[in-house]
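Visitor:
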Amino acid sequence: KRVLLWFRRDLRVADQAALHHALKSAEQVFCVFVLDRDILDGLPRADRRVEFIWAALNALDADLRGLKPGAGLIVRHGHAGDLIPQLAAELKVQAVLCNHDDEPAALARDALVAQRLGSFACDFKSFKDHVIFERSEVLTAVGKPYSVFTPYKNAWLRKLEPFYLLAYPVAPYADALATSPLATGVPGLAEIGFEAAGLSPHLGAGSAGAQDLLDEFLQRIDRYDDNRNFPSVKGPSYLSVHLRFGTVSIRQLAMAAWQRMQAGQHGAEVWLSELIWRDFYHQIMHHHPHAMSSAFRPEYDAIIWEQGPAADRLFDAWCAGATGYPLVDAAMLQLNQTGYMHNRLRMVTACFLIKDLGLDWRRGEAYFAEKLLDFDLAANNGGWQWAASSGCDAQPYFRIFNPVTQSEKFDAEGKFIKRYLPQLAKLPPKLIHAPWSAKPLDLQACGVLLGRDYPLPIVRHDEARTATLARYGAVKNKA
Ligand code: FAD
């Protein structure tokens, strides 16, 4: 039997469900990745995600060759809907295997591919790989999907058995990898119309890069709960981009956390909860695809957001990190400069856009989608709808983050702020969170003139808060 293994968001050879099944079920397994023009054509020439994928593909190709000399990755550039059926026909395979991708656009693409393969009796089969529990695997006692996190998490933990975390062995079956003259290596970035965008070297490339990050994180996982909310501290794992593209296996991470949790490590328990949030939002996407483009709670679609040129100027200032609120601005600069933003800051900047600037959460969601290296439709949408109070298990609409209090609490010394706003480097902690409330002479002594070195605030939080309560109150009263 000959099969084609189609890599998508699972760019590794270790513990890869579809690869395992392919190697076990066939004598000849060809491996392909499509640089899909349906996605790539809309991107800027310098895109960090493309660079990350490109590095991961080179590592994957080398890993496949390491498993069996002469094997390797076939890389195609074009439209997956056309190329996969063409390649399957050319290689005369009986089946195309891959892992589930539950994003609506991916499901539509896969349906098209399956239909085209069906026209010449080639099977299309996919497997769970990206999450621990997917789709309808965790349901309430009456068989309904959960829309509140804590009961979902409890049910998830009750269902968990070590079996679900076991790795899918690949190496013992590597003999079935096919050698193919089509596996000519990964084309250069320039050949597919891209250029280097400048990835942080700390991120690491491919599975080896993910493993380095994991090894380092496991040294400090016991302090995760104490550190995870403070953006100037190395608290989280920074593994999100590797999870996004599958250069690390979720089973490996969940197993590492679960074993430590069994041994009584609180930090590991909290981190496992974060991995469960990821599963939670994936099953929300599966059961409520409408929420990927409109409010999970439909009454919130009636909210009237600020619009027009003045609102556009507020949005531009938010994107550029020029709102006059130092923590918000430093966070946006972190995103723009590195493609990463700390989770606490994602919450702060999202709430600021929605509840201080009065802008539609979808504008912020789209900006994050463009900039985040770890952009994931389900998690990003979940995070934004949480902040907009329109999602499942969301922050109540009247609970509005105060950006100054958040700054005092989570960056008390202003260390994170100063990393991205060096012009504020001399401000003492008592002035840095709300520089506009300082005496101009005190600011001057620190070399800062507001309006010249750093913007004046573009909104007043107390006024914005009142407006937001009215904006939300209007739709709540009608509901
Ligand atoms: P860690 O703290 O080490 O967490 C480990 C892993 O758990 C993460 O890599 C991630 O896969 C998962 N995780 C953690 N928190 C969440 C969460 N709230 N929801 C779902 N999964 C979670 N995460 C993304 O992966 N992609 C996104 O596009 C994304 N957009 C977000 C937008 C907003 C407005 C908010 C509030 C959160 C968003 N998150 C997103 C969730 C979270 O901020 C990131 O997963 C986290 O910051 C990634 O850093 P880390 O890997 O160091 O996290």
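Heads up: take any position in the sequence shown, counting from 1, add 5, and you land on full-length UniProt numbering. Ideal placement from N, C-alpha and C gives every residue a C-beta, glycine not left out. Since this is a predicted model, take the numbers as computed values, not measurements.
1) Would the beta-carbon of Arg121 be found less than 7 Å away from any heavy atom of ligand 1?
2) Determine whether the beta carbon atoms of Phe285 and Tyr157 lie at a separation below 8 Å.
3) Excluding five sequence neighbours on each side, which residues of the same chain lie with their C-beta closer than 6 Å to the C-beta of Ala273?
4) Let me make sure I understand the geometry here. Which of Cys451, Leu96, Asp68 and Arg283 has the alpha-carbon closest to that of Ala176?
5) Out of Arg50, Leu280, Leu219 and Val34, point me to the one whose CA is closest to His207's CA.
6) Excluding sequence positions up to five away, which residues of its chain have a Cβ less than 7 Å from the Cβ of Phe132?
7) If you measure from the CB of Arg249, is any heavy atom of ligand 1 nearer than 7 Å?
8) With H, G and I counted as helix, E and B as strand and the rest as coil, what does DSSP make of Pro90?
9) From this set, Ala111, Ala119, Leu194 and Arg140, which residue's C-alpha is nearest Phe57's C-alpha?
10) If we ignore side chains and look at the alpha-carbon of each, how far apart do His295 and Ala443 end up?
11) Check each candidate in Ser298, Asn341 and Pro74 and name the one with the smallest Cα separation from Leu382.
12) Cα separation between Glu413 and Thr354?
13) Hey, is Tyr286 close to ligand 1, as in C-beta under 7 Å from one of its heavy atoms?
14) For Val39 versus Ala85, is the C-beta distance shorter than 8 Å?
15) Please report how far the alpha carbon of Leu16 lies from the alpha carbon of Gly203, in whole angstroms.
16) If you count every other CB in all the chains shown that lies within 10 Å of the CB of Asp66, and 16 or more means buried, which is it?
17) Count the other CB atoms, across all protein chains shown, that sit within 10 Å of the CB of Glu370; report buried if there are 16 or more and exposed otherwise.
18) Would DSSP call Glu304 helix, strand or coil?
19) Just the C-alpha distance for Tyr151 and Ala393, rounded to the nearest angstrom, thanks.
20) According to the neighbour-count rule (16 or more other Cβ atoms, all chains shown, within 10 Å of its Cβ), is Ala213 buried or exposed?
21) Report the rounded CA-to-CA distance for Gln216 versus Ala259, giving the unit in angstroms.
22) Hey, is the segment 326–337 in contact with the segment 430–444, meaning 3+ C-beta pairs nearer than 8 Å?
23) Tell me whether Gln33 sits in a helix, a strand or coil according to DSSP, three-state version.
24) Could you tell me whether the Cβ atoms of Phe320 and Leu364 are closer together than 8 Å?
25) From Leu244, Arg283, Ala336 and Ser395, pick the residue whose C-alpha is nearest to that of Ala307; which is it?
26) Look up Leu364 in the DSSP assignment and say whether it is helix, strand or coil.
27) Asn341 by DSSP, collapsed to three states: which one?
28) May I ask you to verify whether the segment 226–243 touches the segment 345–362, counting CB pairs closer than 8 Å and requiring at least 3?
29) Quick one: give me the first and last residue of the beta strand (DSSP E) that Arg81 is part of.
30) Cutting at 7 Å between CB atoms, please list the residues of its own chain near Phe125, excluding the five before and the five after it.
31) Do Ile289 and Cys397 count as a contact pair if the criterion is CB distance below 8 Å?
Guide: According to the data block:
1) It does not: the Cβ of Arg121 is nowhere closer than 7 Å to a heavy atom of ligand 1.
2) Yes, they are a contact pair.
3) Here the set comprises Ile226, Ala262, Arg265 and Met266.
4) Ranking the options by Cα distance to Ala176, first place goes to Asp68.
5) Nearest of Arg50, Leu280, Leu219 and Val34 to His207, Cα basis: Leu219.
6) Residues Ala22, Ala23, His26, Asn104 and His105 of the same chain have their beta carbon placed closer than 7 Å to that of Phe132, with the five preceding and five following residues left out of the count.
7) At least one heavy atom of ligand 1 is nearer than 7 Å to the Cβ of Arg249, so yes.
8) Three-state result, Pro90: helix.
9) Residue Leu194 holds the alpha-carbon nearest to the alpha-carbon of Phe57 among Ala111, Ala119, Leu194 and Arg140.
10) Approximately 46 Å between the Cα atoms of the pair.
11) The residue with the shortest Cα to Cα distance from Leu382 is Ser298.
12) Glu413 and Thr354: Cα-Cα distance of roughly 15 Å.
13) Yes, Cβ of Tyr286 sits closer than 7 Å to a heavy atom of ligand 1.
14) Yes, the pair counts as a contact, with Cβ atoms nearer than the cut-off.
15) Computed Cα separation, rounded: 21 Å.
16) By the Cβ neighbour-count rule, Asp66 is buried, with 16 or more other Cβ atoms within 10 Å of its own.
17) Buried, by the Cβ-count rule.
18) Three-state result, Glu304: helix.
19) Cα to Cα, Tyr151 sits roughly 20 Å from Ala393.
20) Under this definition Ala213 is an exposed residue.
21) Linking Gln216 to Ala259 through their CA atoms gives a straight-line distance of about 14 Å.
22) When Cβ pairs closer than 8 Å are counted between the two stretches, the segment 326–337 is seen to touch the segment 430–444, the count reaching three or more.
23) Strand, per DSSP.
24) Yes, these two residues count as a Cβ contact at 8 Å.
25) Taking only the C-alpha atoms, the option nearest Ala307 is Ser395.
26) Coil, per DSSP.
27) Collapsing the DSSP output to three states places Asn341 in a helix.
28) The count of Cβ pairs closer than 8 Å, one atom from the segment 226–243 and one from the segment 345–362, reaches three, so the stretches are in contact.
29) Its beta strand (DSSP E) spans residues Leu78 to Gly83.
30) Closer than 7 Å at the Cβ level, and outside the excluded window around Phe125, lie Ala94.
31) The Cβ-Cβ distance between Cys397 and Ile289 falls below 8 Å.
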